[in-house]
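Trainee: Pasting a structure here, questions to come.
Protein chains in written order, with our numbering: chain A, 40 to 528; chain B, 9 to 334.
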């Protein structure tokens, strides 16, 4: 079920009403049934994958809690990792490795007959397996108590607001919330609704609008010259941000209405002044997951410099692969790793030089330059992320750099956008809405936007709400719910 | 919770009111429950504003046995004239600037409602281009399948306003007259519009595959498909050569012919295309010209146009390929 569907508009209020009408002791059951229903609306049989992941994590954690022996506890941990990562590998990565192995064997004329596994990628598998993995690892480390109630644990794994695209919640934070008795709170409900409203705006009005141009260019890169590729890449930066942060806002908002607080997943990432800052603001639940369960166990930065750089690269390559079984994602992760390593190598001497020359790098001008430069690097990496293959990346890059004069030929620019089914007004609206988003983010860096709204009189507040709803209703680019990008991960 | 429900109910009132207004004005006769705005006002005002949606809704309410599908050039192939000649029931499923991919989407849309007996696709080479693409049919179909989308559609909202205004003021909501003289508009088409059509061309492989799929489906379901390549004035035809696309245009004819259906071609030098009087502008023929085409195609008496045959195709390919016959 998509958040941006009529189905969800009916489903969600019904769940909320039932949730507050039911006695507390049965609420976990309601959330479990509705979460499974939410997932099964997409593909019924894949619910078994969630069940396997849940039961294995539950049993292995129980096993760990009953044993004092380190070896036994480790065995349970390995078992849980094997099953969960096995599911992930089988459904998400098997074909990728298999196809590449076939190419390699063919090159050496060696017979390779392992067939392709024809299966649809289960929605959200990377999210819920990471959630169960973190639980098992935390139990093994003794950082979280074992959950003995299978029902509550199953709700933690499958809680519908964040089941298919996060935020990836840690058990220590989310699980205890299912035991708390939540009464209906007017302020929480309105706060959640406002967040959902903003999430819908970002997804429907901005992301889905930008997707039209982005898809046209990236699905047929050889058909478009540099200017549309440049605009499409710029648009994709905002499309993916609005798509994913929009989803996160809807998830956090809908959970909040029922009394749950999910973690923040985005914090104005495009205002970052370095790549390391970008990763503290972008998909926070995933980057902290990788930090805690991969980067730090590898040694983090408390090792020799070469090993530190290796740890960074390894973490980002794995993070790239987490996003999808494709060389483009792997290279995207590697490129971000490379950016970070470079930043760490060049950062200290650059700062020393600035100090020696008495340059105030904290001045607004330099901050602005750093922000634009970081955004440029992130956009360059997005080309890898969005392109359908490395071959397409080559075509796109060639279009961007081959003829610098094309960016000045105004008459040719108009014609170069032909073939996307877009009018000039669509492009203008896209830029206007990106402006609205940036304005919101600028306000939100200093103040809480919605708290500012709350301080206004009712008439002003309601005018703002109506304006956003009207934009969502009347400015959705197509009368068709578009999938969320992160569902494929 | 009570306070929340009361406030939420008050908050929703404007949306309910809006739904009521749209249902009452109903510019495209989607709900067909109110006659506050007479049909003639809707036909005169709402139809030119969004012909695609108007036609699709009308077709859904009252499907026909036979169809003509095309862009603005299909208006002057008058349905009444075709019905008069054939005695059959016809429906013109068209829209301004309809693209070929949309024509095929309209075929699928129509066949989902009722499989037609005959379908005439009105087209020209300028539509057979990978970059001649639009995606309006899916959106309109989404509206047809969900009343909420209709109520909260921007184009429906605009049309509601304009139709109401036209009804109150008793004057047309939109003017269809070009904002320049006939001569200037003619030159503008030859210079600007031609560049738009032919300035960026790529062979539309996906579109041709879709064309084949449509023909296969039609044949399997007993629907007779015909393509009519409508005439452009010779000045516009010359622009095809100016952009070096003559061979592509002939390939277009050959591709259509190879689909194994009747293809009537009027877009070459003939007594219609040499005379400006037969056109409103270089790409839109007049009603009288439309009648001449109808009399030829629907009566099977070709005089000016030509039915594409292997002989015609071979002669065309011979002229544009210098290596041929070496």
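All residues carry an ideal CB built from backbone N, CA and C; glycine is no exception. The structure displayed is predicted, hence computed values, not measured ones.
Less than 8 Å between C-beta atoms, sequence neighbours within five positions excluded: which residues of the same chain meet that for residue 86(B)?
Mentor: Around residue 86(B), the same chain offers 295, 298, 299 and 302 as residues with beta carbons nearer than 8 Å, after the five sequence neighbours per side are excluded.
Trainee: Consider the Cβ of residue 513(A): report whether some Cβ of chain B lies at a distance smaller than 8 Å.
Mentor: Closer than 8 Å: yes.
Trainee: Select from 69(B), 216(B), 179(B) and 319(B) the residue whose C-alpha is nearest the C-alpha of residue 137(B).
Mentor: The shortest C-alpha to C-alpha distance from residue 137(B) to any of 69(B), 216(B), 179(B) and 319(B) is the one to 216(B).
Trainee: Against chain E, which members of the stretch 205 to 239 of chain A pass a CB distance test of less than 8 Å?
Mentor: Among the protein chains of the structure shown, namely A and B, there is no chain E.
Trainee: Quick check on the burial criterion: 16 or more other C-beta atoms within 10 angstroms. Buried or exposed for residue 239(B)?
Mentor: buried
Trainee: What residue from 29(B), 12(B), 18(B) and 312(B) has the CA that sits closest to residue 167(B)'s CA?
Mentor: 29(B)
Trainee: Taking Cβ-Cβ distances below 8 Å as the criterion, which residues of the stretch 40 to 59 of chain A are in contact with chain B?
Mentor: Hits within the stretch, in order: 45 and 59.
Trainee: What does residue 262(A) reach in chain B if we use C-beta pairs closer than 8 Å?
Mentor: 138, 139 and 210
Trainee: So, is the C-beta of residue 9(B) closer than 8 Å to a C-beta in chain A?
Mentor: yes
Trainee: Would you be able to state if there are at least three C-beta pairs under 8 Å between the stretch 200 to 212 of chain B and the stretch 83 to 97 of chain B?
Mentor: The stretch 83 to 97 of chain B, when compared against the stretch 200 to 212 of chain B, does not touch it at the 8 Å Cβ threshold.
Trainee: With DSSP as the reference, label residue 202(A) as helix, strand or coil.
Mentor: When DSSP states are grouped into helix, strand and coil, residue 202(A) belongs to the coil group.
Trainee: If you pair each beta-carbon of the stretch 433 to 446 of chain A with each one of the stretch 333 to 350 of chain A, do three or more pairs fall below 8 Å?
Mentor: no
Trainee: Quick one: give me the first and last residue of the alpha helix (DSSP H) that residue 287(B) is part of.
Mentor: Unbroken run through residue 287(B) is the beta strand (DSSP E), 287 to 289; no alpha helix (DSSP H).
Trainee: Can you list the residues of chain A that residue 120(B) reaches, using a CB-CB cut of under 7 Å?
Mentor: Correct list: empty, because the minimum Cβ distance to chain A is about 16 Å.
Trainee: Just verifying my parser: in three-state terms, what is the DSSP assignment at residue 126(B)?
Mentor: strand
Trainee: As an exercise, report each continuous alpha helix (DSSP H) stretch of at least 4 residues that is fully enclosed by the stretch 16 to 71 of chain B, in chain order.
Mentor: Counting only runs of 4 or more, we get 47 to 57 and 59 to 69.
Trainee: Locate the alpha helix (DSSP H) running through residue 145(B), then write down its first and last residues.
Mentor: 145 to 153
Trainee: Rounded to a whole number of angstroms, what is the C-alpha to C-alpha distance between residue 150(B) and residue 260(B)?
Mentor: 32 Å
Trainee: Taking CB distances under 8 Å as the criterion, tell me whether residue 60(B) reaches chain A.
Mentor: no
Trainee: By how many angstroms is the C-alpha of residue 90(B) removed from the C-alpha of residue 306(B)?
Mentor: 7 Å
Trainee: State whether the stretch 132 to 142 of chain A contacts the stretch 53 to 67 of chain A, with contact taken as three or more CB pairs (one from each stretch) at a distance under 8 Å.
Mentor: no
Trainee: How long is the line joining the alpha carbons of residue 160(B) and residue 283(B), rounded to whole angstroms?
Mentor: 47 Å
Trainee: What's the C-alpha gap between residue 125(B) and residue 139(B)?
Mentor: 31 Å
Trainee: Using a cut-off of 7 Å between C-beta atoms, extract the partners of residue 300(B) located in chain A.
Mentor: Neighbours of residue 300(B) on chain A: none; closest Cβ ~33 Å, over 7 Å.
Trainee: For the alpha helix (DSSP H) that contains residue 238(B), what are its first and last residues?
Mentor: First-last for residue 238(B): undefined, no H or E at that position.
Trainee: Report the partner residues of residue 136(B) according to the DSSP bridge assignment.
Mentor: DSSP output for residue 136(B) lists no bridge partner at all.
Trainee: Suppose only complete runs of 4+ residues qualify. What are the alpha helix (DSSP H) ranges in the stretch 320 to 346 of chain A, listed by chain order?
Mentor: For secondary structure counted as the alpha helix (DSSP H) over 4 or more consecutive residues, the stretch 320 to 346 of chain A holds these complete runs in sequence order: 323 to 329.
Trainee: Do we get a CB-CB distance below 8 Å when we pair residue 247(B) with the residues of chain A?
Mentor: no
Trainee: Pull up the DSSP beta-bridge partners for residue 512(A), would you.
Mentor: Bridge partners of residue 512(A): none, in fact.
Trainee: In terms of residues, what are the limits of the alpha helix (DSSP H) holding residue 84(B)?
Mentor: In the DSSP assignment, residue 84(B) falls outside any alpha helix (DSSP H), carrying neither H nor E.
Trainee: Pick helix, strand or coil for residue 139(A), following the three-state DSSP scheme.
Mentor: helix
Trainee: Quick one: residues in its chain with C-beta nearer than 6 Å to the C-beta of residue 102(B), no 5 flanking neighbours on either side, listed in chain order?
Mentor: 78 and 82
Trainee: Hey, out of 268(B), 174(B), 127(B) and 263(B), whose CA is closest to residue 96(B)'s CA?
Mentor: 127(B)
Trainee: Quick check on residue 165(B) - is its C-beta less than 8 Å from some C-beta in chain A?
Mentor: yes
Trainee: I want to see whether chain B comes within less than 8 Å of residue 158(A), judged by CB atoms only; does it?
Mentor: Closer than 8 Å: no.
Trainee: Could you check which residue in 269(B), 292(B) and 208(B) has the C-alpha nearest to that of residue 231(B)?
Mentor: 269(B)
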